[in-house]
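Engineer: This structure is in structure tokens; I'll ask about it shortly.
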Amino acid sequence: MAMLDGTAADDEARLKAARIIDDESQRMRRQVDELLELARMQAGQVKINREPVDVKELLEHCQEIFAVQAEEKGVSLKMNLESPLTTSGDFDRLEQVFNNLLDNAIKNSPLKSDVTIDARRVHADLVEVRISDSGPGIPPEQLPYVFERFYQAGGMRTGVGLGLAIAREIVLAHGGTIEASSSPGEGAEFIVRLPAVSQSAV
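Numbering of the sequence shown is given in our numbering, commencing with residue 3 and proceeding in unit increments.
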């Protein structure tokens, strides 16, 4: 019986090791893919398929994607979206930007807290989207580096890596800007500004 128990334990250990190896292999493949994507973007080799994008519709779509993840953590996704808000761009690429920002915000939020998504027109020619959380925040001395590849804020925040660097390149390719503001212990806010398109031009 002891031999059988030992064999079962060995099999379980091997299966666990195999799962760890598989998980790490997938993580490394994703990282290589992201590095290649970032390199192509920085070389101007990624095509942006421009069309009118309803920003409210885009953000509501992103909210639906993360609704379950947020609910599991007890995080409320609060949305304040003006309408109409239209920009010219690639829906899938812009979704990639806001998915990354929402994913980071939820991961870094404490239990039973809020992640807020605000979208509005500023001036006549800009759409502004703000995504804020109440997580650990980012130290002021690290804010200038949050969009650099492999950035991670000294263990205070998680899930950064290449995502923000890619998000910045996508936003820049759309003629927009992205920035972060934060105080340690008071959460972080990421602000994306994109060129607005008038309704008459849609």
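By construction, the Cβ of each residue, glycine as well, lies at the ideal position given by its N, Cα and C atoms.
From a predicted model like this one, the values you see are computed outputs, not experimental measurements.
In chain order, which continuous runs of the alpha helix (DSSP H) of length 4 or greater are located wholly inside the segment 44 to 116?
Structural biologist: Listed in chain order, the complete alpha helix (DSSP H) runs (minimum 4 residues) inside the segment 44 to 116 are 57 to 75 and 93 to 109.
Engineer: For His125, does the count of other Cβ atoms within 10 angstroms reach 16, so buried, or fall short, so exposed?
Structural biologist: Counting from 1 along the sequence shown, the entry for residue 125 is found at position 123. His125 is exposed by the Cβ-count criterion.
Engineer: Provide the residue(s) that pair with Leu2 in DSSP beta bridges, ordered along the chain.
Structural biologist: With the chain running from 3 to 204 in the structure shown, residue 2 is simply not present.
Engineer: Go ahead and pull the three-state DSSP assignment for Arg123.
Structural biologist: As a position in the sequence shown, residue 123 is number 121, starting the count at 1. Note: Arg123 maps to strand in three-state DSSP.
Engineer: In three-state DSSP terms, what is Ile23?
Structural biologist: In the sequence shown, counting from the first residue as 1, residue 23 sits at position 21. Here Ile23 sits in helix by DSSP.
Engineer: May I have the straight-line CA-CA distance separating Ala190 from Asp12, to the nearest angstrom?
Structural biologist: Counting from one through the sequence shown, the residue named residue 190 turns up at place 188. Counting from one through the sequence shown, the residue named residue 12 turns up at place 10. Rounded to the nearest angstrom, the two C-alpha atoms are 46 angstroms apart.
Engineer: Opposite Ser184 in the DSSP bridges: which residues?
Structural biologist: If you number the sequence shown from 1, residue 184 lands on position 182. Looking at the DSSP assignment, Ser184 forms a beta bridge with Ala190.
Engineer: Between Ala69 and the rest of its own chain, which residues show a CB-CB distance below 8 angstroms, the 5 nearest in sequence each way excluded?
Structural biologist: Translated into the one-based positions of the sequence shown, residue 69 becomes position 67. Same-chain partners within the cutoff: Leu79.
Engineer: If you follow the alpha helix (DSSP H) that Ile172 is part of, which residue opens it and which one closes it?
Structural biologist: Start at 1 with the first residue of the sequence shown, and residue 172 comes out as number 170. Where Ile172 is concerned, the enclosing alpha helix (DSSP H) stretches over Gly165 to Ala175.
Engineer: How many Å lie between Ala169 and Glu62 at the Cα?
Structural biologist: Here residue 169 corresponds to residue number 167 of the sequence shown, with the count starting at 1. Here residue 62 corresponds to residue number 60 of the sequence shown, with the count starting at 1. In a straight line, the C-alpha of Ala169 is about 19 angstroms away from that of Glu62.
Engineer: Among Val148, Ala19 and Ser134, which residue has its Cα nearest to the Cα of Asn82?
Structural biologist: Residue 82 sits at position 80 when you count from the first residue of the sequence shown. When each option's Cα is compared against that of Asn82, the closest is Ser134.
Engineer: Relative to the C-alpha of Ala121, which residue among Ser111, Ser136, Ser115 and Arg132 is closest?
Structural biologist: Taking the sequence shown and counting its residues from 1, one reaches residue 121 at position 119. Of the listed residues, the one whose Cα sits closest to Ala121 is Arg132.
Engineer: Hey, how far is the Cα of Pro54 from the Cα of Ser90?
Structural biologist: Indexing the sequence shown from 1 puts residue 54 at position 52. Indexing the sequence shown from 1 puts residue 90 at position 88. Roughly 5 angstroms between the two C-alpha positions.
Engineer: Cα separation between His176 and Leu113?
Structural biologist: Counted from its first residue, the sequence shown places residue 176 at position 174. Counted from its first residue, the sequence shown places residue 113 at position 111. Distance between the alpha carbons of His176 and Leu113 is about 35 angstroms.
Engineer: With a CB to CB cut of under 7 angstroms and the five nearest residues on each side skipped, what residues in its chain are close to Arg52?
Structural biologist: In the sequence shown, counting from the first residue as 1, residue 52 sits at position 50. So the list reads Ser90, Gly91 and Asp92, once near-sequence residues are dropped.
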